[in-house]
Amino acid sequence: MIDYIIVGLGLSGVSFCQKLKQNQKAFVVIDHGQQSASRVGSGLFNPIALKRTKPAWKGHQLMTAAIPFYKALEIDLGIQCVHDAPILKIMQQTADINGWHSASAIADCKSYINHDIVQNTNPVITAPLGFGVVKNTGWVDTALLVERYSLLLESKNNLIKTVFDSNALQITENGVRYGKIEAKHIVFTQGVGLISNPRFSFIPLQKTKGELMVIKCENLQEKSIIHGGVFMIPLGNNRYRVGSTYNWRDQGEGPTTSARISLQTKLNKIVSTSYQILDQSAGFRPTTPDRRPVIGVHPKFPQLAICNGMGSRGVLQAPFCAGLLYDHIENGTPIPQETNINRFKH
Ligand SMILES: Cc1cc2nc3c(=O)[nH]c(=O)nc-3n(C[C@H](O)[C@H](O)[C@H](O)COP(=O)(O)OP(=O)(O)OC[C@H]3O[C@@H](n4cnc5c(N)ncnc54)[C@H](O)[C@@H]3O)c2cc1C
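For the sequence shown, the numbering used here assigns the number 1 to the initial residue and increments by one for each residue that follows.
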């Protein structure tokens, strides 16, 4: 009997597997790689909620856990996936500047927000009132990370690339059985795939569609992440990721013309030079109604657990949440109520 079966290998699955590895637990992962938010998302990490210029939920605490986690994974996988870059938020009006100054005095913002507004020196970016600067931020190449992690697991025969069939799961006295695999626990890190998992149908998980474009723009020559209605993230070789949209109604897969137009309209307000669209992609963020992760064991079958609801902040939240779940299963450490599965009625 092994210790764990993990279903789903996105940021949540990778984070949980790392906890298992650190604790010498035997595990196998089942993943089909489709509808994976981690293979689509922008991977930004930023502890500040930029819309209202205030600390994001547990922003600083999550940063201190997540960034060392990804840096250690870079070494394990022999890749560079953490890209540091400041975020420059375009000031649209005087009220934004006043808000920025106030935020820079908040304790949790101090190590990230510069008080002073920086003037724009890029001739093709429209920002007459300048930028507020967020430092110690950047993006994680989550698609590369997940791809290389799955190759590593495959090379060790720890990954089964297939669709997990919920009907084939048997609950046993000491754990679970799935085909020939017997395990003490099964952890579902399925992202939006959880919606079709009958044992967790009481979790009101939603699919929030997000679309992104990759553009090529030789005149832009920008090294910082620009935020002004949309994010524009420098990828190197004159390429930039632009995104992303939020759509709670469109449940269809794949990119849409309406999202492209919306992204272009916003981009054209901040960039005054021509660019070429190289690519457009779409994915679904796994979102809960209260916008918090959902972690814990099944109310009737404690051998079944979930780590989900990472929403639009999977990069920072997944390593922290995987740690909470592991400590809960193995050591009985309580999961804080705001992220606990038991806040949803079974
Ligand atoms: C457009 C977009 C932009 C984003 N930008 C950011 C950002 O800038 N910063 C940030 O922090 N977050 C961002 N996010 C959110 C982030 O990507 C997610 O929160 C995170 O990737 C969720 O990770 P996860 O592992 O929980 O789920 P996923 O990455 O979706 O992984 C779930 C895995 O489970 C597998 N699976 C599901 N069901 C089954 C089954 N039955 N059998 C086998 N396998 C199964 C799937 O194939 C998938 O591989 C963005 C998301 C999108 C869509």
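We treat Cβ as the ideally placed atom computed from N, Cα and C, and that holds for glycine.
Inset, instruction - Could you tell me whether any non-hydrogen atom of ligand 1 is closer than 7 Å to the CB of P319? - result: Sequence index remark: in the sequence shown, residue 319 carries index 319 (1-based). Not so, every heavy atom of ligand 1 lies at least 7 Å from the Cβ.
Inset, instruction - With DSSP collapsed to three states, give me the class of W100. - result: What you label residue 100 is simply residue 100 of the sequence shown in a count that begins at 1. Of the three classes helix, strand and coil, the one that applies to W100 here is helix, per DSSP.
Inset, instruction - Leaving aside the five residues before and after D279 along the sequence, list all residues of the same chain whose C-beta is less than 8 Å from its C-beta, in chain order. - result: Mapped onto the sequence shown, residue 279 falls at position 279. Cβ within range, chain order: M213 and V214.
Inset, instruction - Look at the alpha carbon of S15 and the alpha carbon of K54, and state the distance between them as a whole number of angstroms. - result: Mapped onto the sequence shown, residue 15 falls at position 15. Mapped onto the sequence shown, residue 54 falls at position 54. The straight-line gap from Cα to Cα measures roughly 27 Å.
Legend entry - Pick from Q22, K266, D165 and I277 that is closest to R239, judged by C-alpha positions: As a working note, residue 239 is residue 239 in the sequence shown. It is I277 whose Cα lies nearest to the Cα of R239.
Legend entry - Nearest-angstrom beta carbon gap, G43 and T189 [assumed within contact, 8 Å]: Counted from its first residue, the sequence shown places residue 189 at position 189. Counted from its first residue, the sequence shown places residue 43 at position 43. With 8 Å as the limit, T189 and G43 do not qualify as a contact, their Cβ atoms being about 17 Å apart.
Inset, instruction - Return yes when at least one heavy atom of ligand 1 lies under 7 Å from the C-beta of A37, else no. - result: On the sequence shown, residue 37 is found 37 positions in, with the first residue counted as 1. Yes, the Cβ of A37 comes within 7 Å of a heavy atom of ligand 1.
Inset, instruction - Using beta-carbon positions only, say whether G130 and I117 come within less than 8 Å of one another. - result: Working through the sequence shown from its first residue, we reach residue 130 at position 130. Working through the sequence shown from its first residue, we reach residue 117 at position 117. Their beta carbons are under 8 Å apart, which means G130 touches I117 by this criterion.
Legend entry - Local conformation of Y326 per DSSP, three classes: To locate residue 326, count along the sequence shown from 1; it is residue 326. The answer is helix: DSSP assigns Y326 an H, G or I state.
Legend entry - One or two residues paired with L212 in a DSSP bridge: The residue given as residue 212 occupies position 212 in the sequence shown. Partner(s): G243 and S281.
Legend entry - Cutoff 8 Å: D141 Cβ touching any chain E Cβ: Of the protein chains in this structure there is only one, and it is not chain E.
Legend entry - Backbone secondary structure at D165 - three-state DSSP: Here residue 165 is taken as the residue at index 165 of the sequence shown, counted from 1. In the structure shown, D165 sits in coil (DSSP, three-state: anything other than H, G, I, E or B).
Legend entry - I181 versus F27, T273 and H346, residue with shortest Cα-Cα distance: Counting from 1 along the sequence shown, the entry for residue 181 is found at position 181. Nearest of F27, T273 and H346 to I181, Cα basis: F27.
Inset, instruction - Put N342 into one of helix, strand or coil per three-state DSSP. - result: Here residue 342 corresponds to residue number 342 of the sequence shown, with the count starting at 1. It is helical.
Inset, instruction - Kindly confirm or deny that the stretch 32-42 and the stretch 90-106 touch, where touching means at least three C-beta pairs closer than 8 Å. - result: no
Inset, instruction - Check whether the Cβ of H32 lies closer than 7 Å to any heavy atom of ligand 1, and answer yes or no. - result: Sequence index remark: in the sequence shown, residue 32 carries index 32 (1-based). Because some heavy atom of ligand 1 lies under 7 Å away, the Cβ of H32 counts as near it: yes.
Inset, instruction - Give a single yes or no on whether R291 has its beta carbon closer than 7 Å to a heavy atom of ligand 1. - result: For this step, residue 291 is matched to residue 291 along the sequence shown. No.
Inset, instruction - Could you please give me the residues that DSSP links to W57 through a beta bridge? - result: Numbered from 1 along the sequence shown, position 57 holds the residue referred to as residue 57. BP columns for W57 are empty, so no partner.
Legend entry - Backbone CA spacing between E253 and S36 [nearest angstrom]: Taking the sequence shown and counting its residues from 1, the one referred to as residue 253 is at position 253. Taking the sequence shown and counting its residues from 1, the one referred to as residue 36 is at position 36. In a straight line, the C-alpha of E253 is about 11 Å away from that of S36.
Legend entry - Nearest neighbour of A56, chosen from Y4, C109 and D84 [CA to CA]: By one-based count along the sequence shown, residue 56 stands at place 56. Comparing Cα positions, the closest option is C109.
Legend entry - Counted within 10 angstroms of its Cβ, other Cβ atoms place V315 as buried (16 or more) or exposed: In the sequence shown, counting from the first residue as 1, residue 315 sits at position 315. V315 is buried by the Cβ-count criterion.
Inset, instruction - Compute the minimum distance between the beta carbon of G229 and the heavy atoms of ligand 1, and state whether it is under 7 Å. - result: Your numbering for residue 229 matches position 229 in the sequence shown. Answer for G229: no, Cβ out of range of ligand 1.
Legend entry - Any non-hydrogen atom of ligand 1 within 7 Å of G43 CB: Here residue 43 refers to the residue found at position 43 of the sequence shown. Yes, ligand 1 has a heavy atom inside 7 Å of this Cβ.
Legend entry - C321 (DSSP reduced to helix, strand or coil): Residue 321 sits at position 321 when you count from the first residue of the sequence shown. Three-state DSSP puts C321 in a helix.
Inset, instruction - Kindly indicate which residue of D290, M310, V294 and T273 has the alpha-carbon position closest to the one of N342. - result: Here the question's residue 342 lines up with position 342 in the sequence shown. When only C-alpha atoms are compared, the closest one is V294.
Legend entry - First through last residue of the alpha helix (DSSP H) which encompasses G311: Residue numbering aside, residue 311 sits at position 311 when the sequence shown is read from its first letter. Judged by DSSP secondary structure, G311 falls outside any alpha helix (DSSP H); it is assigned neither H nor E.
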